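Going down the list, the sequences are from chains A and B.
Quick note on our numbering: the first sequence kicks off at 1 and runs consecutively.
Quick note on our numbering: the second sequence kicks off at 1001 and runs consecutively.
Glycine residues also receive a C-beta, built at the ideal position from the N, C-alpha and C atoms.
Only a predicted model underlies this, so the values are computations on that prediction, with no experimental measurement involved.
These notes are about the structure you will find just below.
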Amino acid sequence: MDLLERFKQGDVDAFETLFRQFQGEVYSWIVQIVRDPGAAEDLTIETFWRIHRSRARFDYRYAFSAWARRIATNLAIDHMRARHLEKELEQEPAVEPADSALQRETREKIQQAFRRLSPKLRATARLVLIEERSYEEVASAFGKPVGAIRTRVFRAARQLQKELERLGIKP
Amino acid sequence: MKREDDHIEKVKRLLQSAFPPMDSQLRRDLWPEILKRMTAAPIAVPWYDWVLIAVPWYDWALIALLTGWVVVVPESILQLLYQF
């Protein structure tokens, strides 16, 4: 019997095979959205737990990885909504020691401006602009048309520009 | 369009300078965590799900039809009971 069919029928071995095959990919996707390795591990576990619980609803017309990524994206955005703004500042990787005080200040202002975007805009901008994921890939994960993601990126860029200008930085 | 793309490109460079690349490699196997959950919480299916799974759609249709009939013609209750 096909692996996905066995998974759908509740076969734990089939689920384990799928888990091992896709856990790295799902984690990588989530960590690029939330930028916190600890939270990304928890969200990866939660994603697969939900996949396991809703396996009966799995639709063969979609690839397993696309389904997993859709669930992972929703969970990552919910996590960003719930997360406290200050905490996110602490989670950013440390500034390189070679940075001058001015560069550091600019970097912090950009991060500050970025955090003012809504979770959906932040997640989209992180994936498209920072991680350079394709519009098609991001659109599929959000369950939106490519045009909607382009609009979202444009809105994020415009809002960011306004916020940066307010903070005295001209992009 | 070209101006918009240039603008997005500028913002992209700015963001990439402010957000250093993340290590996106998973460093440990997470399967044991899933196993823990599976043993700790067997899947709870609510009773109404069981009812929906156990009763086929045509039985639900029949129930709806009979309920409608009883509401419209209440005196038919005795006839229906006799049939059952």
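>> On the CB-based measure, 16 or more other CB atoms within 10 Å of its CB, does A:Ala56 come out buried or exposed?
In response: exposed
> Mind checking if A:Val153 is an interface residue toward chain B, Cβ cutoff 8 Å exclusive?
Replying inline: yes
>> Using a 10 Å radius around the Cβ and a threshold of 16 neighbouring Cβ atoms, would you call A:Arg122 buried or exposed?
In response: buried
> Is the beta carbon of A:Gln161 sitting closer than 8 Å to the one on B:Val1011?
Replying inline: yes
> The alpha helix (DSSP H) with A:Pro37 in it runs from where to where?
Replying inline: Pro37 to Arg53
> If you draw a straight line from the alpha carbon of A:Arg61 to that of B:Leu1035, how long is it in whole angstroms?
Replying inline: 28 Å
> Using the C-alpha atoms, what's the distance from A:Ala66 back to A:Tyr27?
Replying inline: 14 Å
> Comparing the C-beta of A:Phe7 with each C-beta of chain B, is any distance below 8 Å?
Replying inline: no
> Is the distance from the Cβ of B:Ser1017 to the Cβ of A:Arg70 below 8 Å?
Replying inline: no
>> Cβ closer than 7 Å: which chain B residues qualify as neighbours of A:Leu160?
In response: Val1011
>> What would DSSP say about A:Tyr60, mapped onto helix, strand or coil?
In response: coil
> Three-state secondary structure (DSSP) at B:Gly1068?
Replying inline: helix
> Since A:Gln159 is in the alpha helix (DSSP H), which residue starts that stretch and which ends it?
Replying inline: Val146 to Arg166
> How should B:Lys1002 be labelled, buried or exposed, when 16 other C-beta atoms within 10 angstroms of its C-beta is the threshold for buried?
Replying inline: exposed
> Buried or exposed: where does A:Val138 fall if 16 or more other Cβ atoms within 10 Å of its Cβ makes it buried?
Replying inline: buried
> What is the DSSP secondary structure of A:Lys175, reduced to helix, strand or coil?
Replying inline: This structure does not reach residue 175 of chain A, given that chain A is present from 1 up to 171, and the question cannot be answered.
>> Against A:Arg35, what residues of chain B qualify as contacts under a CB-to-CB distance less than 9 Å, listed in chain order?
In response: Phe1019 and Met1022
> If you drop the 5 nearest sequence neighbours on each side, which residues of the same chain put their C-beta closer than 8 Å to that of B:Leu1014?
Replying inline: none
> Along the chain, where does the alpha helix (DSSP H) that runs through A:Gln9 open and close?
Replying inline: First-last for A:Gln9: undefined, no H or E at that position.
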